[in-house]
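**Q** Protein chains in written order, with the numbering used here: chain A, 1 to 332; chain B, 1001 to 1329.
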Amino acid sequence: MSIMNKSSAARLWRQVVRHPIWFFVLVIFIFFSLATDHFFAFHNFQNILVQTSTIGLIALGMTLVMINGNIDLSVGATLALAASLAVDIQGWPVFESWGDWAMLPAVIAALASGIMLGALNGIIVWKTGVNAFIVTLGAMLGVRGLVFIYTQEQSFYAMNFAYSDFGSSAVGPLPTLAVIFLVFTVITHFLLARTVHGRNTYAVGGNRDAAVNAGIRVGPHMVVNFMIVGFFAALAGVTLSTQMGASTPNLGRDYELWTITAVVLGGTKLTGGAGNIIGTLGGVLAIGILRNGMNLMQVPAFYVLVILGTILIAVLFLDKQVNRKEDGELRV
Amino acid sequence: MAEATLTSNRLKGLGGTLAKQGILIAFIVFMIGFALFSEKFLTSGNVMTVIRQAAIVGVMAIGVTVVVIGGNLDLSVGSMLSFSTVLVVDLHDKIGPGEAIAVMLVATLVLGALNGFLIGYLRLNSLIVTLGMLSAIQGLTLIYTGGQNVDISHQDTTWFAVFGRGQVFGLPVPILIFAVVAVIVHVVLAYTPYGRRVYAVGGNPMAAVFSGIRRNRVVACSYLISAFCTGIAAVILGSRVMGSQNNVGQGYELLVLAAVILGGTSLLGGSGSVLKTVIGVLILGFIQNGLLLLGYAYYVQWLVTWVVIILAVWLDVAAKRGRLFSPIA
């Protein structure tokens, strides 16, 4: 009996070590359930899922790119461009006779813009060999410039209320936006854990030279992952604009930082080669639950920033303590 | 191997020189281009204005250059600028300008020391630590102000105005501060043992440690320098605006980094210089100003900056590699 307890405790400990963020999610979940009256309610869980879906969708793609050893800082600007396109194009006079179907070309154009910007980033990273951090830092500025040029600094409003109705609609007990997020979470997890592309993603991030020698076409592979994160950023732009029924040119500022925070909380290494979607989901939920719970406790939003920053650094510190296996590490 | 040597030999000719001095050439081309199309561009008044406006990003970028040469990143300077500016402006009316500056610099150095401890001594990843600090310091600033903006009540009588608005010998004070900081940090980096250690630590940490350099201390000090420079930038900004929003520095971290990268300082560490960063800062400033003079909206500069950053770094990388395109399949 005691042996069994020990081994199951050991297994639990191993899981905690593998996904420390889920342990944290559990702790804050219990804490907020006890500390506030309104947290533990199905209605509130729906809220949390919808609130986190925007960052969450981007984080799915960002996980792939970061496991590759790259990074994408342009997601916030891409989100704004997609949101502006989606809201603006459905109001074009060309589509006047299309009725609700006018939303279709608008959303397609928005998603296509994200995919194309991702492809552009990826091809630049591939062909020039410039660090992805620099390439996407440039794109972050440049794409925001495109958004301002396109919108002329104007906000757009969706005249068709069906668009914003979609944002507040539900599939059975779950909000549609939450369903979209969860479905894509499952798909991305499958892509990463069960397909050749997923295995290559780890291989390229773990040791690029070895991946080349193993016959992986590293360049096109990275381009595909940049296209995926571009797609997710654009999709997040569309879902965010359905929540508001509008888009503003400054939408998505700082989202790249939030997304990277979520992904790193989830255990993905900046150096590449390690990470997974389950961890990222935990990171996204940790941020969402923390924001929501502290909001319900009427703690000013300022404190959430401090706590999140502290947690991010603490997770990094713990991770370093637990996984002290870097042999090349210098101790001086 | 032979082919590689051949290519690099070929690149040593005119093309190699061009690629190595790419950023300087781009700078000159931009200056000539703008001067041709706008008569106002090269007037001394306009040039002064550009440098004066670039001084804040410039001073911060000089500090960040030291961090980047040491092989790390500092994303926290943006919210540190918010924090420091709010602090110095708020304390100005309460305890007087001199004391306010002193208290603010100490507080900023404490934040820098925290960065330095976490990254230098605990050896945590600098990108994530400073990302966490970015969020935490922004929160601290908001807690301190309670979400309110702050300003200075007697704007005409305080000598604090001199840093942002004053002139000495016909030169705006921000430009003088920018120049002084640039010269000091340049001397430190180029002519002192500490400077050599920064390059050594950034270039090859292992070799640096084996040759007896205390890497922890060198890295921690680079964050103190970066924080101190941000404190100086906050004095200029607070004095110029005579007030501060609590998110005034939002986004500065990436502009600063863009200037450092544009100058040609490698993110891998071990190379770069203050002079390069100054050129990077000036290019960003002149692109912004030139496009505005030509009648483009302010956001067009972001698009141009995108292209310029990628071309500049690409040329730099290509010159080192000896071929234009990356060899990976």
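No residue lacks a Cβ here, since even glycine has one placed at the ideal position from N, Cα and C.
1) Tell me the rounded alpha-carbon separation between B/V1300 and A/A139.
2) Inspect the CB distances between the stretch 267-274 of chain A and the stretch 149-161 of chain A and report whether three or more fall short of 8 Å.
3) Got a sec: is the Cβ-Cβ distance from A/V179 to anything in chain B below 7 Å?
4) Let me make sure I understand the geometry here. Which of B/Q1245, B/G1285, B/I1287 has the alpha-carbon closest to that of B/I1149?
5) Between the C-alpha atoms of B/I1309 and A/R11, what's the straight-line distance to the nearest angstrom?
6) Identify whether A/F166 lies in helix, strand or coil by the three-state DSSP scheme.
7) Near B/T1007, which residues of its chain fall below 7 Å by C-beta distance, leaving aside the five closest residues on each side in sequence?
8) Show which residues of chain A have a CB atom less than 8 Å away from the CB atom of B/S1135.
9) Residues of chain B with CB closer than 8 Å to the CB of A/M140, please, in chain order.
10) For A/F156, which beta-bridge partners are listed by DSSP?
11) State the Cα-Cα distance for the pair B/L1081 and B/P1097, rounded to the nearest angstrom.
12) Using a Cβ-Cβ cut-off of 7 Å, state whether B/N1072 counts as contacting chain A.
13) For the alpha helix (DSSP H) that contains B/Q978, what are its first and last residues?
14) Going by C-alpha distance, which of A/A236, A/D209, A/T201 is nearest A/H221?
15) Can you tell me where the alpha helix (DSSP H) with A/P300 in it begins and where it stops?
16) Could one say the Cβ of B/L1282 lies closer than 7 Å to chain A's Cβ atoms, at least one of them?
17) Output the boundary residues of the alpha helix (DSSP H) element that contains B/H1186.
18) Report buried or exposed for A/S33, applying the criterion of at least 16 other Cβ atoms within 10 angstroms of its Cβ.
19) What is the rounded straight-line gap between the Cα of A/N347 and the Cα of A/P93?
20) Cutting at 6 Å between CB atoms, please list the residues of its own chain near A/I124, excluding the five before and the five after it.
21) With DSSP collapsed to three states, give me the class of B/Q1167.
22) Interface residues of chain A around B/Q1138 at Cβ under 7 Å?
23) Under 8 Å Cβ-Cβ, which residues of chain A neighbour B/T1230?
24) Could you please tell me which residues of the stretch 1232-1263 of chain B, in chain order, have their CB closer than 7 Å to any CB of chain A?
25) Under 7 Å between C-beta atoms, does B/Y1121 make it to chain A?
26) What residues from the stretch 106-139 of chain A come within 8 Å of chain E, judged by C-beta to C-beta, listed N to C?
27) Please report the residue range of the alpha helix (DSSP H) in which A/R217 lies.
28) Rounded to whole angstroms, what's the CA-CA distance from B/R1217 to B/G1203? Just pull it up for me.
29) So B/Y1334 contacts chain A; which residues on that side make the cut at Cβ distance below 9 Å?
30) Run through DSSP, which three-state label would B/S1084 get?
31) For chain B, check one thing: does any of its Cβ atoms lie closer than 7 Å to the Cβ of A/F302?
32) Apart from the five residues on each side of it in sequence, which residues of its chain come closer than 7 Å, Cβ to Cβ, to B/G1078?
33) Going by C-alpha to C-alpha distance, which of A/N295, A/I28, A/L49, A/K320 sits closest to A/A170?
34) Taking only beta-carbon atoms, is A/F232 less than 7 Å away from chain B?
35) Check the Cβ of A/I149 against every Cβ in chain B and list those closer than 8 Å, keeping chain order.
36) Short check: CB of B/V1064 to CB of B/D1074, under 7 Å?
**A** Looking at the atomic coordinates:
1) Here the question's residue 1300 of chain B lines up with position 300 in the second sequence. Here the question's residue 139 of chain A lines up with position 139 in the first sequence. The straight-line gap from Cα to Cα measures roughly 13 Å.
2) no
3) As a position in the first sequence, residue 179 of chain A is number 179, starting the count at 1. No, A/V179 lies away from the interface with chain B (no Cβ there is under 7 Å from its Cβ).
4) Within the second sequence, numbered from 1, the residue matching residue 1149 of chain B stands at position 149. Strictly speaking, residue 1149 of chain B in this sequence is Asn, with Ile absent from that position. Here the closest residue by C-alpha is B/Q1245.
5) By one-based count along the second sequence, residue 1309 of chain B stands at place 309. By one-based count along the first sequence, residue 11 of chain A stands at place 11. Each residue's alpha carbon lies about 49 Å from the other.
6) Position 166 of the first sequence, counting from 1, holds the residue named residue 166 of chain A. Correct three-state label for A/F166: helix.
7) The residue given as residue 1007 of chain B occupies position 7 in the second sequence. Annotation note: pLDDT 45 at B/T1007 (below 50); position unreliable, coordinate value reported separately. Cβ within range, chain order: G1322, R1323.
8) As a first step, residue 1135 of chain B is located in the second sequence; it is residue number 135 there, counting from the start. Under the 8 Å cutoff, chain A gives L257, T261, L305, V306, L308, G309, L312.
9) Mapped onto the first sequence, residue 140 of chain A falls at position 140. Those within 8 Å of A/M140 in chain B are L1254.
10) Numbered from its first residue, the first sequence carries residue 156 of chain A at position 156. Paired residues: A/S247.
11) Stepping through the second sequence from its first residue, residue 1081 of chain B is reached at position 81. Stepping through the second sequence from its first residue, residue 1097 of chain B is reached at position 97. In a straight line, the C-alpha of B/L1081 is about 18 Å away from that of B/P1097.
12) For the purposes of this step, residue 1072 of chain B is taken as the residue at position 72 of the second sequence. It does not; no Cβ of chain A falls within 7 Å.
13) In this structure chain B extends from 1001 to 1329, so residue 978 of chain B is not present and cannot be described.
14) On the first sequence, residue 221 of chain A is found 221 positions in, with the first residue counted as 1. Checked all of A/A236, A/D209, A/T201; the closest Cα to A/H221 is A/T201.
15) The count along the first sequence starts at 1 and reaches residue 300 of chain A at position 300. It is not in any alpha helix (DSSP H) - A/P300 carries neither H nor E in the DSSP assignment.
16) Against the second sequence, residue 1282 of chain B aligns to sequence position 282. No, its Cβ sits nowhere closer than 7 Å to a Cβ of chain A.
17) Walking along the second sequence from the start, residue 1186 of chain B turns up at place 186. Here the alpha helix (DSSP H) through B/H1186 covers 1173-1191.
18) As a first step, residue 33 of chain A is located in the first sequence; it is residue number 33 there, counting from the start. A/S33 comes out exposed.
19) Since the first and last residues shown for chain A are 1 and 332, residue 347 of chain A lies out of range.
20) Counted from its first residue, the first sequence places residue 124 of chain A at position 124. Excluding residues within five positions, the ones whose Cβ falls inside 6 Å are V135.
21) By 1-based counting over the second sequence, the position of residue 1167 of chain B is 167. Reduced to three states, the DSSP call for B/Q1167 is strand.
22) Position 138 of the second sequence, counted from the start, is the residue given in the question as residue 1138 of chain B. Neighbours of B/Q1138 on chain A, chain order: L305.
23) Position 230 of the second sequence holds residue 1230 of chain B. Within chain A, no residue comes near B/T1230; the closest Cβ sits about 17 Å away, beyond 8 Å.
24) L1254, L1257, A1258, I1261
25) Residue 1121 of chain B sits at position 121 when you count from the first residue of the second sequence. No - not a single Cβ of chain A is within 7 Å of the one on B/Y1121.
26) Looking at the structure shown, chain E is missing, and the protein chains on hand are A and B.
27) On the first sequence, position 217 is the one that residue 217 of chain A refers to. No alpha helix (DSSP H) contains A/R217, which DSSP labels as neither H nor E.
28) As a position in the second sequence, residue 1217 of chain B is number 217, starting the count at 1. As a position in the second sequence, residue 1203 of chain B is number 203, starting the count at 1. Cα to Cα, the separation comes out at about 16 Å.
29) In the structure as shown, chain B starts at 1001 and stops at 1329, and residue 1334 of chain B therefore has no counterpart that could be examined.
30) Taking the first residue of the second sequence as 1, we reach residue 1084 of chain B at position 84. Three-state DSSP puts B/S1084 in a helix.
31) Residue numbering aside, residue 302 of chain A sits at position 302 when the first sequence is read from its first letter. Answer yes: the Cβ-Cβ gap between A/F302 and chain B drops below 7 Å somewhere.
32) Along the second sequence, one-based indexing puts residue 1078 of chain B at 78. Here the set comprises L1134, G1249, Q1250, G1251, Y1252, E1253.
33) For the purposes of this step, residue 170 of chain A is taken as residue 170 along the first sequence, with counting starting at 1. Nearest of A/N295, A/I28, A/L49, A/K320 to A/A170, Cα basis: A/L49.
34) Your numbering for residue 232 of chain A matches position 232 in the first sequence. No, no contact with chain B.
35) For this step, residue 149 of chain A is matched to residue 149 along the first sequence. Chain B residues near A/I149: A1297, Y1299, V1300, L1303.
36) Walking along the second sequence from the start, residue 1064 of chain B turns up at place 64. Walking along the second sequence from the start, residue 1074 of chain B turns up at place 74. Their beta carbons are under 7 Å apart, which means B/V1064 touches B/D1074 by this criterion.
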